[in-house]
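Quick mapping for you: the protein sequence lines, in order, are chains A and B.
Residue 7 is where the first sequence starts when you use our numbering, and the numbers rise one by one after that.
Residue 556 is where the second sequence starts when you use our numbering, and the numbers rise one by one after that.
Here a beta-carbon is modelled for each residue, glycine too, at the ideal position from N, C-alpha and C.
Right, one structure below, let's go through it.
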Amino acid sequence: MSDSPAVLDHHNPELRHHFADMGQQKNAASLGMWLFLGTEVMFFGGMFLAYLIYRRWYYPEFVVASNSLNLPIGAANTAILICSSLSVALAIRAAQTNKRVQTVVMLVLTLVFGLAFLGVKAKEWHDKFVEHHVPGTSFHFEGSMPGHPEAKINPAHAQVFFSMYFAMTGMHALHMIIGVGIFLWLIYQAWKGRFNSEYYTPLENSGLYWHFVDIIWIYLFPLFYLIDRHK
Amino acid sequence: MPEHSMTEDSTSHHSEHVLPTGLYWAIWAILICLTFFTAWIATVDLGWLNPVVALLIASFKALVVILYFMHVKYTSEKLTKTVGLATLFWLALLLFLTLTDYATRGVPS
Numbered sequence: 007m008s009d010s011p012a013v014l015d016h017h018n019p020e021l022r023h024h025f026a027d028m029g030q031q032k033n034a035a036s037l038g039m040w041l042f043l044g045t046e047v048m049f050f051g052g053m054f055l056a057y058l059i060y061r062r063w064y065y066p067e068f069v070v071a072s073n074s075l076n077l078p079i080g081a082a083n084t085a086i087l088i089c090s091s092l093s094v095a096l097a098i099r100a101a102q103t104n105k106r107v108q109t110v111v112m113l114v115l116t117l118v119f120g121l122a123f124l125g126v127k128a129k130e131w132h133d134k135f136v137e138h139h140v141p142g143t144s145f146h147f148e149g150s151m152p153g154h155p156e157a158k159i160n161p162a163h164a165q166v167f168f169s170m171y172f173a174m175t176g177m178h179a180l181h182m183i184i185g186v187g188i189f190l191w192l193i194y195q196a197w198k199g200r201f202n203s204e205y206y207t208p209l210e211n212s213g214l215y216w217h218f219v220d221i222i223w224i225y226l227f228p229l230f231y232l233i234d235r236h237k
Numbered sequence: 556m557p558e559h560s561m562t563e564d565s566t567s568h569h570s571e572h573v574l575p576t577g578l579y580w581a582i583w584a585i586l587i588c589l590t591f592f593t594a595w596i597a598t599v600d601l602g603w604l605n606p607v608v609a610l611l612i613a614s615f616k617a618l619v620v621i622l623y624f625m626h627v628k629y630t631s632e633k634l635t636k637t638v639g640l641a642t643l644f645w646l647a648l649l650l651f652l653t654l655t656d657y658a659t660r661g662v663p664s
């Protein structure tokens, strides 16, 4: 079977022997990636569920704590992440059109945007440490019920908000850090000229991962930064 | 920017769907605009609609990313779409069934 003339991609060095052709190999890799992203959705889904339950229970504290987050910085960081998603998409397109240097440039841009996002996030977390808004023995958070200046909020409930905030933005950032490692490898591979219009599966699947992480942030931003901002 | 998408793709039986650069930039512009719009609209008092609008905008952004950046709109592979829809189904089970339970219980003091 293997020397059948019908197998056009037979000599592509990237074709593993257990696949019939490049198209089948690409589809198999893509399916595996989407299944993995399905498990990732359920992984984050559990945290989103916990968030929604606590938000319903401790809504006043969630409002006050949410308003202590830095909205302009959060919005800017969302924009940075969207820029990184664009550069990934353009990197894949460059590989599809056999533009090696452009692929590398777009991947480096993605890396820069990703690191910028993490830098901004580190600054935000640092501010929270300085303000003693990190859950733990030194946690300190004061505020009044929205619309009732005389009624104090329960700091223990606000601590739950920050626990969710650090758990979910932290897990998101961990995915970003893993993504940075993946993109360093991709840049090296792209520089060596491994990707072209016939074979760019690692780029495509890493792109799916990066966009997925972007989507998680697209939900984290309104859920943590935008609770009753008009109060 | 139709560069050589017609001629080269026709030689390959698995079509590669090279999307125009302008489309990617348009999607980027939409996502950026919606990001600043959602940040602004959150400062306007819409009552109970505030979180609804925020989540609708987020879901629209996610949909655009999935369809265009993740190429789902252009995939001919039905299995990919099936996995995507199955994922949404499981997520909906997790969220909807659990929240209907919690929503019909009291709030701990």
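Check: Quick check: what's the CA-CA separation for D46 (chain A) versus A35 (chain A)?; Outcome: It should be noted that the sequence gives Glu, not Asp, for residue 46 (chain A). Rounded to the nearest angstrom, the two C-alpha atoms are 17 Å apart.
Check: Are the C-beta of T84 (chain A) and some C-beta of chain B separated by less than 7 Å?; Outcome: yes
Check: Taking 7 Å as the CB-CB cut-off, is H569 (chain B) touching chain A?; Outcome: Here the model assigns H569 (chain B) a pLDDT of 46, short of 50, so the residue's position is not dependable and the matter cannot be decided.
Check: Shorter than 7 Å from the beta carbon of G120 (chain A) to some beta carbon of chain B?; Outcome: no
Check: Listing by chain order, which chain A residues have their CB less than 8 Å from the CB of T590 (chain B)?; Outcome: A81, T84, A85, I88, F227
Check: Skipping 5 residues on each side, what residues in its chain have a beta carbon closer than 7 Å to that of H665 (chain B)?; Outcome: With chain B running from 556 to 664 in the structure shown, residue 665 (chain B) is simply not present.
Check: Tell me, please, whether the stretch 607 to 616 of chain B touches the stretch 627 to 644 of chain B by the rule of three or more beta-carbon pairs shorter than 8 Å.; Outcome: no
Check: Taking DSSP as the reference, what is the three-state secondary structure of G217 (chain A)?; Outcome: The sequence given here has His at residue 217 (chain A), not Gly. H217 (chain A) falls in the helix class under three-state DSSP.
Check: Taking 7 Å as the threshold (C-beta atoms), are V219 (chain A) and G120 (chain A) in contact?; Outcome: no
Check: Looking at C-alpha atoms only, which residue of A:L41, A:G52, A:Q30, A:P66 is the closest neighbour of E148 (chain A)?; Outcome: A:P66
Check: Alpha carbon to alpha carbon, what distance is there between Y205 (chain A) and K633 (chain B)?; Outcome: 21 Å
Check: Hey, is K628 (chain B)'s beta-carbon within less than 7 Å of any beta-carbon in chain A?; Outcome: no
Check: How about V47 (chain A): is its C-beta nearer than 7 Å to some C-beta of chain B?; Outcome: yes
Check: Between I585 (chain B) and chain A, is any beta-carbon pair separated by less than 7 Å?; Outcome: no
Check: Exposed or buried, what is H139 (chain A) when buried is set at 16 or more other beta-carbons lying within 10 Å of its beta-carbon?; Outcome: buried
Check: So, helix, strand or coil for M556 (chain B), using DSSP?; Outcome: Because the pLDDT of M556 (chain B) is 44, which lies under 50, any placement of that residue in the model is unreliable, and the number read from its coordinates should be weighed accordingly. Coil.
Check: Please name the residues in the stretch 193 to 205 of chain A whose beta-carbon is closer than 7 Å to at least one beta-carbon of chain B, in chain order.; Outcome: S203
Check: Determine, for L646 (chain B), whether the minimum Cβ-Cβ distance to residues of chain A falls below 7 Å.; Outcome: yes
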